[in-house]
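**Q**
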Amino acid sequence: GQSLEQPSEVTAVEGAIVQINCTYQTSGFYGLSWYQQHDGGAPTFLSYNALDGLEETGRFSSFLSRSDSYGYLLLQELQMKDSASYFCAAGSGAGSYQLTFGKGTKLSVIP
Amino acid sequence: DTGVSQNPRHKITKRGQNVTFRCDPISEHNRLYWYRQTLGQGPEFLTYFQNEAQLEKSRLLSDRFSAERPKGSFSTLEIQRTEQGDSAMYLCASSSEQGSNYGYTFGSGTRLTVV
């Protein structure tokens, strides 16, 4: 099985940088994904790390260290619209397309 | 591209009744997934289709749950003899073989309330 741990809540100031950490324990691991979900909305795919290192997509970056079973999502130049829940999710690979999600981190961006 | 469409958006049913939800994936996506999400939790995997074949089922999926994707296009999820514990948001997602392995497009979900 798989389990992912991430902080339940984070608060940051508009324009600042925030990092949301995710640690995982898995019996099989095939990469770490990040999703954003606004209240009442659908989860939206942000990024995917199959290999160690940093992936950058605009204001969002995601990092993975397989040796540490750890990843993070970095949000820069925070905007009020970034207030949402952020989920890390692990794929188990080996022909499986099942994603196991963490419980999510609720990010509040304040003026 | 109209995204992933789910119907109905909301469903209130009495305990013991059967309910059916529909998902229309992005037309060129051959992979379709059902997830369930309760308040304050991340989505939980239920089942996965590649075209019309159901290739994975979670142990969470009891015998009361059944999913179909008869022509490899839309999918239905049926819950028989609903229980209060079935109250949740039921999310459908789709992806293509060419895309990121885990970059799914989710629909807005069907919120089920069992009273």
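Chains as they are written, first to last, in the working numbering: chain A, 936 to 1046; chain B, 95 to 209.
Positions of the beta carbon are idealized from the N, C-alpha and C atoms, including for glycine.
Would you check if there are 3 or more beta carbon pairs closer than 8 Å linking the segment 956-974 of chain A to the segment 1016-1033 of chain A?
**A** These segments touch.
**Q** Quick one, are the C-beta atoms of Asp987 of chain A and Ser1000 of chain A less than 9 Å apart?
**A** Looking up residue 987 of chain A in the first sequence gives position 52. Looking up residue 1000 of chain A in the first sequence gives position 65. Yes; because the gap between Cβ atoms is below 9 Å, this pair is in contact.
**Q** Give the residues from the segment 941-952 of chain A that approach chain B closer than 8 Å (Cβ to any Cβ), ordered along the chain.
**A** Cβ contacts with chain B come from no residue of the segment 941-952 of chain A.
**Q** Please list, in chain order, all residues of the same chain as Ser997 of chain A whose beta carbon is under 6 Å from its beta carbon, the five residues on each side excluded.
**A** Along the first sequence, one-based indexing puts residue 997 of chain A at 62. Once the five neighbours on either side are set aside, the close Cβ partners of Ser997 of chain A are Trp969, Ser982, Asn984, Glu990 and Leu1008.
**Q** By the 10 Å Cβ neighbour count, where 16 or more other Cβ atoms means buried, how is Gly134 of chain B classified, buried or exposed?
**A** Numbered from 1 along the second sequence, position 40 holds the residue referred to as residue 134 of chain B. Gly134 of chain B should be labelled exposed.
**Q** Applying the criterion that 16 or more other CB atoms from any shown protein chain within 10 Å of the CB defines a buried residue, is Asp180 of chain B buried or exposed?
**A** Along the second sequence, read from residue 1 onward, the residue named residue 180 of chain B stands at position 86. The residue is buried, with at least 16 neighbouring Cβ atoms inside 10 Å.
**Q** Start and end of the beta strand (DSSP E) containing Thr207 of chain B?
**A** On the second sequence, residue 207 of chain B is found 113 positions in, with the first residue counted as 1. Element bounds for Thr207 of chain B: Thr204 to Val208.
**Q** Since Tyr1005 of chain A and Thr958 of chain A are thought to touch, with beta carbons under 8 Å apart, how far apart are those beta carbons, to the nearest angstrom?
**A** Residue mapping note: residue 1005 of chain A aligns to position 70 of the first sequence, counting from 1. Residue mapping note: residue 958 of chain A aligns to position 23 of the first sequence, counting from 1. Confirmed, about 5 Å.
**Q** Measure the Cβ-Cβ separation of Thr170 of chain B and Arg130 of chain B and say whether it is below 9 Å.
**A** Position 76 of the second sequence, counted from the first residue, corresponds to residue 170 of chain B. Position 36 of the second sequence, counted from the first residue, corresponds to residue 130 of chain B. Going by C-beta atoms, Thr170 of chain B is not nearer than 9 Å to Arg130 of chain B.
**Q** Could you give the uninterrupted runs of the alpha helix (DSSP H) lying entirely in the segment 150-199 of chain B, keeping only those of 4 residues or more?
**A** If we require 4 residues or more, the segment 150-199 of chain B turns out to have no alpha helix (DSSP H) run fully inside it.
**Q** Got a sec, what are the start and stop residues for the beta strand (DSSP E) Phe964 of chain A sits in?
**A** As a working note, residue 964 of chain A is residue 29 in the first sequence. No beta strand (DSSP E) holds Phe964 of chain A; DSSP gives it neither H nor E.
**Q** What are the start and end residues of the beta strand (DSSP E) that includes Asp118 of chain B?
**A** Reading the second sequence from its first residue, position 24 is the one you call residue 118 of chain B. Run containing Asp118 of chain B: Val113 to Asp118, per the beta strand (DSSP E) assignment.
**Q** Less than 9 Å between the beta carbons of Gln178 of chain B and Arg109 of chain B, yes or no?
**A** If you number the second sequence from 1, residue 178 of chain B lands on position 84. If you number the second sequence from 1, residue 109 of chain B lands on position 15. Yes. Within cutoff.
**Q** Assuming contact is defined by CB atoms lying nearer than 9 Å, are Leu185 of chain B and Val113 of chain B in contact in what I supplied?
**A** Position 91 of the second sequence holds residue 185 of chain B. Position 19 of the second sequence holds residue 113 of chain B. Contact: no.
**Q** Cβ of Tyr1007 of chain A less than 9 Å from any chain B Cβ?
**A** The residue you call residue 1007 of chain A lines up with position 72 of the first sequence. No, no contact with chain B.
**Q** Could you check whether the Cβ of Pro102 of chain B sits closer than 9 Å to any Cβ belonging to chain A?
**A** Walking along the second sequence from the start, residue 102 of chain B turns up at place 8. Taking Cβ atoms only, chain A never reaches closer than 9 Å to Pro102 of chain B, which makes this a no.
**Q** Please report the residue range of the beta strand (DSSP E) in which Tyr1007 of chain A lies.
**A** To locate residue 1007 of chain A, count along the first sequence from 1; it is residue 72. Tyr1005 to Leu1010 is the extent of the beta strand (DSSP E) around Tyr1007 of chain A.
**Q** The beta strand (DSSP E) with Tyr1021 of chain A in it runs from where to where?
**A** Here residue 1021 of chain A corresponds to residue number 86 of the first sequence, with the count starting at 1. It spans Ala1019 to Gly1026 - the beta strand (DSSP E) in which Tyr1021 of chain A sits, taken as one unbroken run.
**Q** Return the residue from the list B:Val209, B:Val208 and B:Ser188 that minimises the CA-CA distance to Asp118 of chain B.
**A** Against the second sequence, residue 118 of chain B aligns to sequence position 24. When each option's Cα is compared against that of Asp118 of chain B, the closest is B:Ser188.
**Q** May I ask you to list, following chain order, the residues of the segment 106-136 of chain B that have a beta carbon less than 9 Å from some beta carbon of chain A?
**A** Within the segment 106-136 of chain B, the residues whose Cβ lies closer than 9 Å to some Cβ of chain A are Arg125, Tyr127, Tyr129, Gln131, Gly134, Gln135 and Gly136, listed in chain order.
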